[in-house]
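All remarks here apply to the structure that follows.
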Amino acid sequence: AGALGGISALIIGFFCIRLTKVYFAMLTLAFSQIVWAMAFKWNSLTGGDNGFVGVPFPQFLDSNVLFYYFTLGVVAASLFLLRKVVNSPFGRILTTIRENPERTKFIGIHVKLFQLVAFMISGIFAAIAGALFGIFNHSVFPDILFWPASAEVLIMSLLGGIYNFFGPVVGAAILIFVRMQVTSYTEHWPVILGFTLAFLLFFFPGGVMGFIQARFPRLGGKR
């Protein structure tokens with residue numbers, strides 16, 4: 061799953077990294093909608109709107125408890141590897157590109173190449189997460205490829221804080237908890253999600269971790 065995700069991200073990223081800012085976001089959204097349409101219509105390969113049903117646990121993970129600990133191990137290993145990437149020279153160059161891509165390019169660094177590799181790495185780990193999600197639910201449907209799913213991932217990052225390594229993890233935990241509580245009382249979760257995004261952008265642009273760091277600087281630096 062990781063290899064397939066990396067290859068797909070490499071192909072899509074080859075086109076997306078040519079644009080920046082809102083144009084980059086719109087092009088990645090366009091590609092996600094293309095993939096969703098293919099998954100929804102290509103019945104012979106994806107099952108169409110029926111998706112894949114009856115996805116089994118692997119033979120060595122024949123219970124929910126074992127799968128839980130396996131997933132926990134995969135998450136821990138992924139965080140460890142990503143932390144290594146962030147703290148490596150490669151990660152520091154990515155930080156420099158984020159802060160000032162023009163100056164980074166001026167000193168001789170191939171900005172687009174580093175962005176493409178980062179795009180591919182994100183695709184690898186997203187594919188691993190998707191595989192675990194499919195096994196956990198014993199099914200996969202095209203709806204998971206529709207744009208609201210991508211929006212939720214973005215909101216998780218904004219909620220936790222995009223400048224803190226553990227920000228997206230914190231944001232994911234908070235958003236999932238809130239969604240579980242809200243959906244038990246109302247079906248208007250997408251509306252609440254939209255208001256949440258607007259609230260974050262206006263009042264907490266640094267997210268939860270950014271808010272905490274602003275008041276307790278010793279808890280971690282910008283990353």
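Quick note: to get my numbering, add 60 to the position in the sequence shown (first position is 1). Glycine residues also receive a C-beta, built at the ideal position from the N, C-alpha and C atoms.
Could you check where the alpha helix (DSSP H) with H161 kicks off and where it finishes?
-> A small correction: the amino acid at residue 161 is Pro; His does not occupy that position in the sequence shown. 161-166 is the span of the alpha helix (DSSP H), which, as asked, contains P161.
Hey, out of T80, T246, F117, S68, whose CA is closest to N160's CA?
-> Per the Cα distances, T80.
Using 8 Å as the threshold, is the region 208-216 in touch with the region 116-128, meaning 3 or more CB pairs across them?
-> When Cβ pairs closer than 8 Å are counted between the two stretches, the region 208-216 is seen not to touch the region 116-128, the count staying below three.
Please state whether DSSP places S244 in a helix, a strand or coil.
-> Secondary structure at S244: coil, using DSSP grouped into helix, strand and coil.
Rounded distance between the beta-carbons of F196 and F127, thought under 8 Å | 7 Å between Cβ atoms; contact.
Residues near G220 by beta carbon distance below 6 Å, same chain, minus five either side = Closer than 6 Å at Cβ, skipping near neighbours: G227, P228, V230, G231, G267, V268, M269.
Measure the CB-CB distance between T106 and A99 and report whether it falls below 7 Å.
-> In this structure, A99 lies closer than 7 Å to T106 by Cβ.
What residues in its chain sit with their C-beta under 8 Å from that of L27, if we drop five residues either side in the sequence?
-> This structure cannot speak to residue 27, because the chain is shown only from 61 to 283.
Please work out which residues of its chain come closer than 6 Å, Cβ to Cβ, to S92, disregarding the five sequence neighbours upstream and downstream, and give them in chain order.
-> For S92, where only same-chain residues beyond five positions count, the Cβ hits under 6 Å are S210.
So is I184 buried or exposed if we call it buried at 16+ other beta carbons inside 10 Å?
-> Residue burial annotation: I184 is buried, with at least 16 other C-beta atoms found within 10 angstroms of its C-beta.
Can A61 and A189 be called in contact, C-beta distance under 7 Å?
-> Going by C-beta atoms, A61 is not nearer than 7 Å to A189.
Verify whether the separation of the beta carbon atoms of A187 and G65 is less than 7 Å.
-> It is a contact, given that the beta carbons lie within the stated cut-off.
Per DSSP, the bridge partner or partners of V200 = In the DSSP output, where bridge partners are listed per residue, V200 has F112.
In the DSSP assignment, find the unbroken alpha helix (DSSP H) run with P118 in it and report its ends.
-> For P118, no alpha helix (DSSP H) encloses it, and the DSSP letter there is neither H nor E.
Under the three-state DSSP convention, the category F75 falls into = Helix at F75.
Can F264 and F271 be called in contact, C-beta distance under 7 Å?
-> Closer than 7 Å, so yes.
How long is the line joining the alpha carbons of Q241 and E162, rounded to whole angstroms?
-> Going from the Cα of Q241 to the Cα of E162 covers about 45 Å.
Own chain partners of L54 with C-beta closer than 6 Å, once the 5 adjacent residues on each side are dropped | Absent from the model: residue 54. The displayed extent of the chain is 61 to 283, so no value can be given.
Let me know the secondary structure DSSP gives I222 once reduced to three states.
-> Coil at I222, not helix or strand.
In chain order, what residues of the same chain lie with their CB nearer than 7 Å to the CB of F337, ignoring the 5 residues before and after it?
-> Missing from the structure shown is residue 337; the chain here goes from 61 to 283 and no further.
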